[in-house]
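> Residue numbers (numbering that gives the first Met the number 0), protein chains in the order written: chain A, 0 to 312; chain B, 0 to 643. I am attaching a structure below and will ask some questions about it afterwards.
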Amino acid sequence: MSLRTDPRPPVALLSPAELLRLGALDFVARLVVEGFLAGRHRSPERGGSLEFAEHRPYVPGDDLRRIDWKVFGRSDRHYVRESEEETNLRAVLVLDTSASMAWAGEGPVSKFEYARLLAAALGHLLLAQQDAVGLAAFAGGLTAFRPPRGGASQRVLLMEALAGLEPGGETWPDAPFRELAERLPRRGVLIVISDLLGPTERFLPGLRYFRHRKHEVVVLHVLDPAERSLAGLLEAGGVVDAETGRVLRIPPSELADAYREALARLERVYRTQAHDRGFDYVPLTTSEPVGIALGRYLEGRRGHLARMAGRRP
Amino acid sequence: MTGFLQPLALLALPLALLPFLLARRSARRGEPTPFSSLHLFEEAERRPRPRRGRSRRQILLRALAIALLVLAAARPTGPGRGGPASHRPTRAVVAVDVSASAGQREGGRVAWSSIRGWADSLLALAGPGDELALAAVADGIVGWWTGDPAALRRRLATLRPTARGSDWPRTLAALAERADDGTETYLLTDGSRGGAPPMPAGPDGPGRQDYRALRVWGSAGGPNRGLVGARWTAPDRVHVVGRSWGGDGAPQTAGRVIGSVLSERGLIPMDGAPGTAGWTVADSATFGLAGADALPSDDLLHLARGAAGAYPVVRLTAPDEPPESGPLFWEAAIGTADRGAVVSRATAVAGLAADSPMLALLPIRPYRADEARVLSGLAAGGTRLLFAPACPDPACIPAGAWLRTPGLEAPAVEWRLGPAGRRTSLAGAPGTPGPGVPEHLLARAPVRGALGVLGGPEPDWTWELVTGEPALWVRGPVAVWLVPLGPPVTRLGATPVFPLVVEAVLAAWDPRWRGDGAVRAGEPAPIPPEGAILTGPLGGSDPATWTIPPGGAPPRLERPGLYRVEAAGTTFLAVRGEPAEGDLTPVDASLWESSWGVRPTPAADWERAVFPRRRGPELWPWIVLLAIGALIAEAWTRRAGLNN
Numbered sequence: 000m001s002l003r004t005d006p007r008p009p010v011a012l013l014s015p016a017e018l019l020r021l022g023a024l025d026f027v028a029r030l031v032v033e034g035f036l037a038g039r040h041r042s043p044e045r046g047g048s049l050e051f052a053e054h055r056p057y058v059p060g061d062d063l064r065r066i067d068w069k070v071f072g073r074s075d076r077h078y079v080r081e082s083e084e085e086t087n088l089r090a091v092l093v094l095d096t097s098a099s100m101a102w103a104g105e106g107p108v109s110k111f112e113y114a115r116l117l118a119a120a121l122g123h124l125l126l127a128q129q130d131a132v133g134l135a136a137f138a139g140g141l142t143a144f145r146p147p148r149g150g151a152s153q154r155v156l157l158m159e160a161l162a163g164l165e166p167g168g169e170t171w172p173d174a175p176f177r178e179l180a181e182r183l184p185r186r187g188v189l190i191v192i193s194d195l196l197g198p199t200e201r202f203l204p205g206l207r208y209f210r211h212r213k214h215e216v217v218v219l220h221v222l223d224p225a226e227r228s229l230a231g232l233l234e235a236g237g238v239v240d241a242e243t244g245r246v247l248r249i250p251p252s253e254l255a256d257a258y259r260e261a262l263a264r265l266e267r268v269y270r271t272q273a274h275d276r277g278f279d280y281v282p283l284t285t286s287e288p289v290g291i292a293l294g295r296y297l298e299g300r301r302g303h304l305a306r307m308a309g310r311r312p
Numbered sequence: 000m001t002g003f004l005q006p007l008a009l010l011a012l013p014l015a016l017l018p019f020l021l022a023r024r025s026a027r028r029g030e031p032t033p034f035s036s037l038h039l040f041e042e043a044e045r046r047p048r049p050r051r052g053r054s055r056r057q058i059l060l061r062a063l064a065i066a067l068l069v070l071a072a073a074r075p076t077g078p079g080r081g082g083p084a085s086h087r088p089t090r091a092v093v094a095v096d097v098s099a100s101a102g103q104r105e106g107g108r109v110a111w112s113s114i115r116g117w118a119d120s121l122l123a124l125a126g127p128g129d130e131l132a133l134a135a136v137a138d139g140i141v142g143w144w145t146g147d148p149a150a151l152r153r154r155l156a157t158l159r160p161t162a163r164g165s166d167w168p169r170t171l172a173a174l175a176e177r178a179d180d181g182t183e184t185y186l187l188t189d190g191s192r193g194g195a196p197p198m199p200a201g202p203d204g205p206g207r208q209d210y211r212a213l214r215v216w217g218s219a220g221g222p223n224r225g226l227v228g229a230r231w232t233a234p235d236r237v238h239v240v241g242r243s244w245g246g247d248g249a250p251q252t253a254g255r256v257i258g259s260v261l262s263e264r265g266l267i268p269m270d271g272a273p274g275t276a277g278w279t280v281a282d283s284a285t286f287g288l289a290g291a292d293a294l295p296s297d298d299l300l301h302l303a304r305g306a307a308g309a310y311p312v313v314r315l316t317a318p319d320e321p322p323e324s325g326p327l328f329w330e331a332a333i334g335t336a337d338r339g340a341v342v343s344r345a346t347a348v349a350g351l352a353a354d355s356p357m358l359a360l361l362p363i364r365p366y367r368a369d370e371a372r373v374l375s376g377l378a379a380g381g382t383r384l385l386f387a388p389a390c391p392d393p394a395c396i397p398a399g400a401w402l403r404t405p406g407l408e409a410p411a412v413e414w415r416l417g418p419a420g421r422r423t424s425l426a427g428a429p430g431t432p433g434p435g436v437p438e439h440l441l442a443r444a445p446v447r448g449a450l451g452v453l454g455g456p457e458p459d460w461t462w463e464l465v466t467g468e469p470a471l472w473v474r475g476p477v478a479v480w481l482v483p484l485g486p487p488v489t490r491l492g493a494t495p496v497f498p499l500v501v502e503a504v505l506a507a508w509d510p511r512w513r514g515d516g517a518v519r520a521g522e523p524a525p526i527p528p529e530g531a532i533l534t535g536p537l538g539g540s541d542p543a544t545w546t547i548p549p550g551g552a553p554p555r556l557e558r559p560g561l562y563r564v565e566a567a568g569t570t571f572l573a574v575r576g577e578p579a580e581g582d583l584t585p586v587d588a589s590l591w592e593s594s595w596g597v598r599p600t601p602a603a604d605w606e607r608a609v610f611p612r613r614r615g616p617e618l619w620p621w622i623v624l625l626a627i628g629a630l631i632a633e634a635w636t637r638r639a640g641l642n643n
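And the structure:
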């Protein structure tokens, strides 16, 4: 047994800026995922889902092919094996590409760059788990869509698609969310990565619609640190909207307290809605290492699955 | 906070507006900066304004810090009085009233003690950087000293009230001549009117900004209180309070009637009708002379006796005793006699022998061996040594033997004051060579009783009070006058008893000096008979002469000074007193202000009124701490804003 002596931090804990300096998105995402899994003492070569595989008693109507005959041989009882193939996810990474995502304040990278890196890492992770992964991008409409599929070729296509995304436009997610839901006939997991900067009325109907269509929804709320502290803006004489170009000629310093309260209120609304509507809400900051963000996603995901299992009759 | 040591720094207070101006300028000039979305700002903008206050709190805290720093730079001071270092150097004149009225005594307190005490506390507040002058004032500036506060305090301790009257207009004018602009002048006085009637304010007043006056005498006062003789005579009669002495023969015996009359108009209406017991006067009497400069100086008082020569009397005084421009009244009275004398002053015992005096008047105090030798020599040469209390304070009386030299013997004495209500009646003891002690005078004296004789040699003879205590103790060439007299002038040579004592002392030495006793001191003066001649004022310019017409009233003596009344071979001296010190009624504060431009400061406010630029402890360290606190709060607010 040897102690780890390498002083360098795991790749997953590198800052987003440092990660992006390492190379292409695909390579970086793979490094993040492998580093992340190694950090969790999990080997991606073990295969299998991170989700718990279980046996349950056979009930009439179950496919006879699912009966685990080995268990029957040992116990003389019929158990159905919840096979990994059956629990494979059909995940779609839903990326906000509005112009507001391109804004970078104090963070090492813009929200868009962070979201794209996060999406790439998630794609790698899910594909490594034999899940099917797709991609959707939205701003004023659905600007890109790649249906979920598994396999190595999907990874290449996914990374190419992510690399080709450009931020721009105003956020109007309701219509693209509905369009996306229509394009996904089978239930899956929709991982929405957005700054959610806009009226909640624009986001929440779409998210509810996803749930209505029986999709699991995970909302990764990405914000720049400056969007929380307003650092660097307090001396300004006003604010220009990155999406619309509209100008608010009131010094941010005068509105700082109320701004922070509005942000807290926004997060509170999404957190409440996530609880009430059954989706996950994960606030993130672009200063956080992507590996940390992955961990927070998976922690939330594990909790979500546990809750779902508890609800199962 | 009571003031600022650097008030000009307050001109920088507008700097406190700087944060507001900068914030406003920044808000105007600051360019809008790109941001991800206006959504949250627009929501914030719809919130009530007070919720946006963090930045305004910062601006307020910055402004507060600047204002506090400016305030600290102005060096504010708290209530109370700071040390000498807490003010800029002060130029000040401390003027103490040494007019005769300052010596008035009431209830055991002497006005001068209060004046001196207040002046001393004032000088004690001064620091080494201050430019101070001490002025003794009466009818002008009679003494002026400069130096460090300690030296001035020592000088102050030597000052005593004089026989001068007050003349505030003249005094204030003299002070104004000596004091530069910005000099603070403090007047410490018993507050009586003095000789000057209220007068219209001069060009400098009312409103002498740098003047502070304190009337330290709180007694009700009143006319004819406290001055020599003022209480010793009935207020409505002219009394004989002394008589002259002379050689053999009635023509040479001059009875002296000395009285004075004070009225608001300064007149002496000698309107007594013939046949009555005395002269009824309109007002009460006082002694003291203004315009005394015109009278013979007290440089020498020669007791002339026939044509045989002059017999000087020398008075020993303290070296630093303020100069007296004129003679004391009684000295003057003696000097105006046909065969008068001139009293000289010597400031050292060695100087007493200069004129081979017939009589040397000395204070009761310890004498060094060399001084005692000089006195022995004088006594051997025929000089009588008359010792008397130098002041009406117990501190003036030495303990134990104070005159030790062969041939000169004096008793040990102690301070004893008789009860206030005691009345004595003392006639000259049978067989004593001198006249009786003027007990009726002493009974009216504010200071009563006598020094007690503790022991020592037996006297040749004494005058004794009815209490058995001696008033005059005589042995050989040494005579000791044991009655502290006053107020205010407590020197024996300045009291009406002086001629009597001198007569007694000299008569004991030479019977030819004994008076005929025709007139008792203190008895009502005989009415000037028909044909009596009044002459006066003596010693002044242009004396007038009146002859009392048959059945007529005496003339009105309008000019102050000595008047001689000659009738039936007897000469009386009457005094038309200068009202300078006759009325001790405290002058109303408003009258002070309207007349002399100085409103007296109540004693309770004096401490706050003096040295107005010298304030209490400086507050700037605390204010700087407050400013630092404001800056810390501003930083905390800013940081909290960044962290939230």
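Every residue gets a Cβ at the ideal spot worked out from N, C-alpha and C, and that includes glycine.
(1) Who are the Cβ neighbours of Glu178(A) in its own chain at under 6 Å, not counting the five residues just before and after it?
(2) To which residues does DSSP link Ile547(B) through a beta bridge?
(3) Restricting to Cα atoms, I'd like to know which of Phe202(A), Gly60(A) and Pro59(A) is closest to Ala273(A).
(4) Using a Cβ-Cβ cutoff of less than 6 Å, which residues in the same chain neighbour Leu625(B) once the five nearest sequence positions on both sides are dropped?
(5) Would you please verify whether the beta carbon of Pro31(B) is less than 8 Å from any beta carbon of chain A?
(6) Using a Cβ-Cβ cut-off of less than 9 Å, give me the residues of the stretch 224 to 240 of chain A that come near chain B, in sequence order.
(7) Helix or strand or just coil, what does DSSP make of Arg403(B)?
(8) Answer with yes or no whether the minimum CB distance from Glu19(B) to chain A is below 8 Å.
(9) DSSP puts Ile192(A) in a beta bridge; with which residues?
(10) Using CA coordinates, which residue listed in Gln5(B), Arg415(B) and Thr76(B) is at the minimum distance from Pro616(B)?
(11) Quick check on this structure: which residue in Trp68(A), Pro59(A), Pro147(A) and Thr243(A) has the alpha carbon closest to the alpha carbon of Val93(A)?
(12) Relative to chain B, which residues along the stretch 185 to 204 of chain A have a C-beta separation below 9 Å, given in chain order?
(13) Check whether the Cβ atoms of Gly138(B) and Arg169(B) sit closer than 8 Å, and answer yes or no.
(14) Using a beta-carbon distance below 8 Å, is Phe34(B) in contact with chain A?
(15) For Tyr258(A), return the contacting residues in chain B, with the cut-off set at a CB-CB distance below 7 Å.
(16) If the criterion is Cβ atoms closer than 8 Å, does the pair Leu116(A) and Val289(A) meet it?
(17) List the whole-angstrom C-beta distance separating Ala98(A) from Ala241(A), where the pair is believed to meet the contact cut-off of C-beta under 8 Å.
(18) Tell me whether Val95(B) counts as near the ligand NAD, meaning its Cβ is closer than 7 Å to at least one heavy atom of that ligand.
(19) Could you check which residue in Leu88(A), Phe278(A), Ala151(A) and Ala160(A) has the C-alpha nearest to that of Asp130(A)?
(20) Counting only Cβ pairs nearer than 7 Å, list the residues of chain B close to Ser286(A).
(21) Can you tell me whether Pro175(A) is helix, strand or coil according to DSSP?
(22) Taking only three categories from DSSP, how would you classify Thr170(B)?
(23) Can you tell me whether Arg372(B) is helix, strand or coil according to DSSP?
(24) Does Ile547(B) pass the burial test, meaning 16 or more other C-beta atoms within 10 Å, or should it be called exposed?
(25) Between which two residues does the beta strand (DSSP E) harbouring Tyr280(A) extend?
(26) With distances taken Cα to Cα, identify the nearest neighbour of Gly60(A) among Val79(A), Arg185(A) and Pro107(A).
(27) Taking the alpha helix (DSSP H) that Ile114(B) belongs to, which residues open and close that run?
(28) What residue range does the beta strand (DSSP E) around Gly142(B) cover?
(29) Restricting to Cα atoms, I'd like to know which of Val136(B), Val141(B) and Ile396(B) is closest to Pro365(B).
(30) Quick one: Cα of Gly244(A) to Cα of Leu9(B), how far?
(31) Return no unless some Cβ of chain B is closer than 8 Å to the Cβ of Ala255(A).
(32) Arg276(A) and Arg210(A): beta carbons closer than 8 Å?
(33) Using the C-alpha atoms, what's the distance from Pro6(B) back to Pro418(B)?
(34) Looking at chain B, is there any beta carbon in it that lies within less than 8 Å of the beta carbon of Arg270(A)?
(35) Out of Ala114(A), Gln153(A) and Gly167(A), point me to the one whose CA is closest to Ala138(A)'s CA.
(36) Using alpha carbons as the reference points, say which of Arg403(B), Ala389(B), Pro405(B) and Thr404(B) lies closest to Trp414(B).
So, to answer that:
(1) Answer for Glu178(A): Leu141, listed in chain order.
(2) DSSP lists no partner for Ile547(B).
(3) Shortest Cα-Cα distance from Ala273(A) to any of Phe202(A), Gly60(A) and Pro59(A) involves Phe202(A).
(4) Here the set comprises Leu67.
(5) yes
(6) The stretch 224 to 240 of chain A vs chain B, Cβ under 9 Å: Ala225, Glu226, Arg227, Ser228, Leu229, Ala230, Gly231, Leu232, Leu233, Glu234, Ala235, Gly236, Gly237, Val238, Val239 and Asp240.
(7) strand
(8) According to the sequence provided, residue 19(B) is Phe. The question's Glu does not apply to it. Judged by the 8 Å Cβ criterion, Phe19(B) is not in contact with chain A.
(9) Ile192(A) is bridged to Leu94(A) and Leu219(A).
(10) The shortest C-alpha separation from Pro616(B) is found at Thr76(B).
(11) Pro147(A)
(12) Asp194, Leu196, Gly197 and Pro198
(13) The sequence as given places Asp at residue 138(B); Gly does not occur at that position. Taking 8 Å as the Cβ cut-off, Asp138(B) and Arg169(B) qualify as a contacting pair.
(14) yes
(15) Leu39, Phe40 and Ala43
(16) Judged by their CB atoms, Leu116(A) and Val289(A) are nearer to each other than the 8 Å cut-off.
(17) Going by Cβ atoms, the distance from Ala98(A) to Ala241(A) rounds to 5 Å, so yes, they are a contact pair.
(18) Absence of the ligand NAD from the depicted structure is noted, as is the absence of any ligand whatsoever, leaving it without description.
(19) Residue Leu88(A) is the option with its Cα nearest to Asp130(A).
(20) What Ser286(A) touches in chain B: nothing, since even the nearest Cβ is about 14 Å away.
(21) helix
(22) helix
(23) Reduced to three states, the DSSP call for Arg372(B) is helix.
(24) buried
(25) Asp279 to Thr284
(26) Val79(A)
(27) Ala110 to Ala123
(28) Ile140 to Gly146
(29) Ile396(B)
(30) 48 Å
(31) yes
(32) yes
(33) With a pLDDT of 48 at Pro418(B), under the threshold of 50, the predicted position of this residue should be treated as unreliable, though the coordinate-derived value follows. C-alpha separation (whole angstroms): 58 Å.
(34) No, because no Cβ of chain B sits closer than 8 Å to the Cβ of Arg270(A).
(35) Ala138(A) has its Cα closest to that of Gly167(A), out of Ala114(A), Gln153(A) and Gly167(A).
(36) Ala389(B)
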